[in-house]
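Peer 1: Read top to bottom, the protein sequences are chains A and B.
Position 85 of the first sequence, counted from 1, bears residue number 82 in this note's numbering, the numbering being contiguous throughout.
Position 264 of the second sequence, counted from 1, bears residue number 247 in this note's numbering, the numbering being contiguous throughout.
Dropping the structure in here first, questions after.
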Amino acid sequence: MSEKLFEALIQAVIDGEEEEAEALVRQALEQGVDPLACINEGLMKGIEEVGDLFSNGTYFLPELIQGAGAMKAALEILEPELVGKEQREVVGTVVLGTVAGDQHEIGKTLVGTMLTANGFKVIDIGVDQKADDFVAAIEESGANIVGASALLTTTLLELKRLIDSIAEAGLAEKVKVMIGGAPVTQDFAKEIGADGYADDAIAAVAVARKMVGAAA
Amino acid sequence: MATERHVIEPITTSRQLRFLEEAQLDTLREATLDILENVGVRFDSEKALVIFAEHGANVDRSSQIVKLPRDLVLKAMANVPRRFTLGARDPDLDLPLKEGVTYFTNDGCGHNVVDFETGEQRASALADVAMMARINDYLPSMSFCWTMVSAQDCGATAPLYEMDAAWKNNTKHYQSVTMMGEKLCRYGVEMATALRGSLEEVKRRPPMSLICCTIAPLVQDKDALEGAMVLAEAGIPVVIMSMPTMGTTAPATFAGALALADAEVISGTVLMQLATPGARVFHCILHAWADPRTGGYVGYPLDARTRFAPVEIAHHWGMPSLGGACGTESAEVASWQAAAEVATDPLLVSMASAEIVTGLGLRATYTLLYPEAIILDSDLYNQARYSHLDMEISPETLAVDVSAKVGAGGHFLGEKHTRKYMRDALVRSNCQELDAAGQYRDPVEVAREKVRWILENHHPEPPAPEVQKELDRILAAADKELKG
């Protein structure tokens, strides 16, 4: 019975069917299926397949985003049920956002999707976020990576402010900072003391995996 | 590449560009009539002189100059058909001439080849004709097939072998750029008849046509014209092409060169109509410029304002037009010059409403073949073709509901509508193919891969064995008679 449900869950993620994924996990919980099994046997397998289809060129961004969207919606129902039980295994926890004064969302969202599809837990705090908001989210989640995006030359300096704020909060040893965005370069990242830089979402996964010591 | 179909994709558009005013066209025509009536054209053909004399032209036998009275010209020109069909080997690929549709072909007729395998430059041969006919057959940008290079290894009957090679490797309409002379063209008609099964079928769906070049200024070549008359009599379409060079073989002014060239084309067309009333004839002027110090041929100056005026001149006479495009002077396969000189040609010539257009794929002013160049030029062609395609406007494509759902900020990647349409919204050119690292690949490398793929995978149906046997017999007979 559970096997069939897991298969349906995998397919819902592959098809990017958010409502279907939500309905299936609710049904699973009603039937007493282990929520962790739903994650590991259903959602994770589905998102891995989505990642593979994206990597081999079959899937494009909408399929990727919608697959991750279905997974995220189902996780929001399942994760509260894990309280007191075994937590799901994640590669790392990432606080993600676009810096203050910058409303650009899409690049940051793609990075979040790719990280999610690769086993990271992503806490997306949104756009136009002050350095203090990033710091608060790191402290609350215990994240070991921060991903910050800036798309405007005028907001680039916010990335430096963020790194300074993390140091001032005494978190520099606990969290690695990766940055990106159209005007950001490897040289700039080095100049402001960022730990990593990626020029697209796929590269961001490799950088993040390296930061947490996971295999490439 | 496997998704590409064996179809033709002509440029179709209801948009038109007009470069000349009606009054200017009338003035040009008057100049043409003046040249024909008072200056005359030299016809190096006794057969032509006899026909003109019989129809009341002013013929000077000693100088071979024919002067054509205005009324004779206008009466003969009234017989030129405006529209007809160019037949293909595959009936699905027939080309009915019609408003708003422009059919393109490859360039011709080159004589040097940069060998695809060795990279060495050498003289063109029959195998190159066959190879390029096969590549042409695969490409949807190519609606019909020109002799792209000459079969220099075939001697006097090369034009017949070129046509044979085209038919073995190509299922589209074939336009010979090299067939000349009465005897050779009679064999050409015999081959067309063998392919179609009867002369009536040749007339109904001519599988071939011919380019017949004049010699500027104001001379008609005996072999070109007498060959063309043989084909026209068999119902096979002919293109009368003038290639004047401003300042050397034509006046150095745009209007003067066009009037002179038009007189050449019209004198040939009148002859065709007198010999075979209703003969199918295309009008073509491919004019060029001369370097004022060396006299060298310059096909693509910065100021080429009259490049597509000949299409309008043809239509003003009530004739279909062969337009010219993509004849870069660059000898490199993919230099800035090779693309920039010709980039707007496919768009402009199709908007000028040319019925058929040559020619993609050669370099060094129509002389040098790189097999991969036709793939690169097809990008320019397709850029023009896509520019003319209609945009669908409907509730589904307007997607106001989707915009309302996403609202201000956010993104559309999470929408089912995006999932449905984003996949096909972006059509990449050969210049935009990505490598594994997401970087743009070298377009020449991409084009070479495509050529290799076509040669390995595309094998058009050749003529039936009994037809090929008959074609072989005709070729052998031609060899015996014409090669001595």
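Note that the Cβ used here is the ideal one computed from N, Cα and C, for glycine as well.
As the structure is a prediction and not an experimental result, all values here were calculated from the model.
Establish whether the CB of ILE122/A and some CB of chain B are separated by less than 7 Å.
Peer 2: If you number the first sequence from 1, residue 122/A lands on position 125. No, its Cβ sits nowhere closer than 7 Å to a Cβ of chain B.
Peer 1: Taking only beta-carbon positions, decide if ILE62/A is within less than 7 Å of chain B.
Peer 2: Start at 1 with the first residue of the first sequence, and residue 62/A comes out as number 65. At least one chain B Cβ lies under 7 Å of ILE62/A.
Peer 1: Taking only runs that begin and end inside the region 1 to 31 of chain A, name each unbroken alpha helix (DSSP H) of 4 or more residues, in chain order.
Peer 2: 15 to 27
Peer 1: Could you check whether GLY39/A and ILE11/A sit closer than 7 Å to each other, using their CB atoms as the reference points?
Peer 2: Within the first sequence, numbered from 1, the residue matching residue 11/A stands at position 14. Within the first sequence, numbered from 1, the residue matching residue 39/A stands at position 42. It is not a contact, given that the beta carbons lie outside the stated cut-off.
Peer 1: For chain B, check one thing: does any of its Cβ atoms lie closer than 7 Å to the Cβ of VAL10/A?
Peer 2: Position 13 of the first sequence, counted from the start, is the residue given in the question as residue 10/A. Closer than 7 Å: no.
Peer 1: Along the chain, where does the beta strand (DSSP E) that runs through CYS128/B open and close?
Peer 2: Counting from 1 along the second sequence, the entry for residue 128/B is found at position 145. Per DSSP, CYS128/B belongs to the beta strand (DSSP E) from 127 to 129.
Peer 1: Specify, as a first and last residue, the run of the alpha helix (DSSP H) that LYS127/A falls within.
Peer 2: As a position in the first sequence, residue 127/A is number 130, starting the count at 1. Bounds of any alpha helix (DSSP H) do not take in LYS127/A, whose DSSP letter is neither H nor E.
Peer 1: Kindly list, in the order they appear in chain B, the residues whose Cβ is closer than 9 Å to that of GLU102/A.
Peer 2: Translated into positions along the first sequence, residue 102/A becomes position 105. Neighbours of GLU102/A on chain B, chain order: GLY392, GLY393, HIS394.
Peer 1: Quick one: Cα of MET175/A to Cα of GLU16/A, how far?
Peer 2: On the first sequence, position 178 is the one that residue 175/A refers to. On the first sequence, position 19 is the one that residue 16/A refers to. Rounded to whole angstroms, the gap between the alpha carbons of MET175/A and GLU16/A is 33 Å.
Peer 1: Nearest to GLU45/A by alpha carbon, out of GLU27/A, ALA65/A, VAL119/A, PRO32/A?
Peer 2: In the first sequence, residue 45/A corresponds to position 48, counting from 1. Checked all of GLU27/A, ALA65/A, VAL119/A, PRO32/A; the closest Cα to GLU45/A is ALA65/A.
Peer 1: Could you check whether the Cβ of ARG424/B sits closer than 7 Å to any Cβ belonging to chain A?
Peer 2: Position 441 of the second sequence, counting from 1, holds the residue named residue 424/B. By this cut-off, ARG424/B is not an interface position.
Peer 1: Which residues, taken in chain order from the region 190 to 206 of chain A, show a beta carbon closer than 8 Å to some beta carbon of chain B?
Peer 2: Here the close residues are ASP197, ILE199.
Peer 1: Given that MET405/B touches chain A, what residues does it touch there, using C-beta distances under 8 Å?
Peer 2: On the second sequence, position 422 is the one that residue 405/B refers to. Neighbours of MET405/B on chain A, chain order: PHE57, LEU58, PRO59.
Peer 1: May I ask you to report which of helix, strand or coil DSSP gives CYS168/B?
Peer 2: In the second sequence, the residue the question calls residue 168/B occupies position 185. Three-state result, CYS168/B: helix.
Peer 1: Is there a C-beta anywhere in chain B that falls below 7 Å from the one on GLY98/A?
Peer 2: Within the first sequence, residue 98/A is the residue found at index 101, counting from 1. At a cut-off of 7 Å between beta carbons, GLY98/A makes no contact with chain B.
Peer 1: Does DSSP put TRP272/B in a helix, a strand or coil?
Peer 2: For the purposes of this step, residue 272/B is taken as the residue at position 289 of the second sequence. TRP272/B: strand per DSSP, three-state reduction.
Peer 1: Ignoring anything shorter than 4 residues or poking outside the region 72 to 134 of chain B, list the alpha helix (DSSP H) runs there in chain order.
Peer 2: Entirely contained in the region 72 to 134 of chain B, the alpha helix (DSSP H) runs reaching 4 residues are, in chain order, 109 to 121.
Peer 1: Taking THR401/B as the query, report the chain A residues whose CB atoms sit under 7 Å from its CB, ordered along the chain.
Peer 2: In the second sequence, the residue the question calls residue 401/B occupies position 418. Here the neighbours are PRO59.
Peer 1: Any heavy atom of the ligand GDP closer than 6 Å to the beta-carbon of ASP75/B?
Peer 2: Questions concerning the ligand GDP fall outside what the structure shown contains, since it holds no ligand whatsoever.
Peer 1: Which of the residues in the region 108 to 141 of chain A, read from start to end, lie with their CB under 9 Å from any CB of chain B?
Peer 2: THR110, VAL124
Peer 1: Buried or exposed, going by whether 16 or more other CB atoms sit within 10 Å of the CB of VAL248/B?
Peer 2: Your numbering for residue 248/B matches position 265 in the second sequence. Label assigned to VAL248/B: buried.
Peer 1: Within the continuous alpha helix (DSSP H) that includes VAL389/B, where are the two ends?
Peer 2: For the purposes of this step, residue 389/B is taken as the residue at position 406 of the second sequence. 383 to 389 is the span of the alpha helix (DSSP H), which, as asked, contains VAL389/B.
Peer 1: Figure out for me which residue from ARG431/B, CYS414/B, VAL410/B has the closest Cα to the Cα of TYR423/B.
Peer 2: Stepping through the second sequence from its first residue, residue 423/B is reached at position 440. Comparing Cα positions, the closest option is CYS414/B.
Peer 1: Should GLU14/A go down as buried or exposed, given a rule of 16 or more other Cβ atoms within 10 Å for buried?
Peer 2: Working through the first sequence from its first residue, we reach residue 14/A at position 17. Classification of GLU14/A: buried, given that the 10 Å Cβ count is 16 or more.
Peer 1: Do the region 269 to 282 of chain B and the region 53 to 63 of chain B meet, that is, are 3 or more Cβ pairs less than 8 Å apart?
Peer 2: no
Peer 1: Quick one: using the 10 Å Cβ neighbour count with 16 as the cut-off for buried, is ASN53/A buried or exposed?
Peer 2: Along the first sequence, read from residue 1 onward, the residue named residue 53/A stands at position 56. Classification for ASN53/A: exposed.
Peer 1: With three or more C-beta pairs closer than 8 Å as the rule, is the region 69 to 80 of chain A touching the region 19 to 29 of chain A?
Peer 2: yes
Peer 1: In chain order, which beta strand (DSSP E) runs of at least 3 residues are fully inside the region 127 to 187 of chain A?
Peer 2: Here the runs fully enclosed are 142 to 146, 173 to 177.
Peer 1: Please go through the region 172 to 251 of chain B and give each complete alpha helix (DSSP H) segment of 4 or more residues, from N-terminal end onward.
Peer 2: 182 to 187, 205 to 216
Peer 1: Can you give me the C-alpha to C-alpha distance between ARG72/B and MET162/B, rounded to a whole angstrom?
Peer 2: Here residue 72/B is taken as the residue at index 89 of the second sequence, counted from 1. Here residue 162/B is taken as the residue at index 179 of the second sequence, counted from 1. The alpha-carbon separation between ARG72/B and MET162/B amounts to approximately 19 Å.
Peer 1: I want to see whether chain B comes within less than 7 Å of GLY177/A, judged by CB atoms only; does it?
Peer 2: Your numbering for residue 177/A matches position 180 in the first sequence. The Cβ of GLY177/A sits no closer than 7 Å to any Cβ of chain B.
Peer 1: Just checking: is the beta-carbon of GLY48/A within a distance shorter than 7 Å of some beta-carbon in chain B?
Peer 2: Position 51 of the first sequence holds residue 48/A. With 7 Å as the cut-off, GLY48/A does not count as an interface residue toward chain B.
Peer 1: If you run the structure through DSSP and keep just helix, strand and coil, what is LYS58/B?
Peer 2: Your numbering for residue 58/B matches position 75 in the second sequence. Collapsing the DSSP output to three states places LYS58/B in a helix.
Peer 1: Relative to the alpha-carbon of LYS166/B, which residue among LEU178/B, LYS205/B, GLN135/B, ASP147/B has its alpha-carbon at the smallest distance?
Peer 2: Locating residue 166/B in the second sequence gives position 183, counting from the first residue. Of LEU178/B, LYS205/B, GLN135/B, ASP147/B, the residue nearest in Cα terms is LYS205/B.
Peer 1: Residues in its own chain within less than 8 Å of ILE122/A by CB, not counting five upstream and five downstream?
Peer 2: As a working note, residue 122/A is residue 125 in the first sequence. In its chain, beyond the 5 residues on either side, VAL92, LEU93, GLY94, ASP130, PHE131, ALA134 have a beta carbon closer than 8 Å to the beta carbon of ILE122/A.
Peer 1: Given a cut-off of 7 Å on the beta-carbon distance, is the pair ALA461/B and LEU143/B in contact?
Peer 2: For the purposes of this step, residue 461/B is taken as the residue at position 478 of the second sequence. For the purposes of this step, residue 143/B is taken as the residue at position 160 of the second sequence. Against a cut-off of 7 Å, the Cβ pair of LEU143/B and ALA461/B comes out as a contact.
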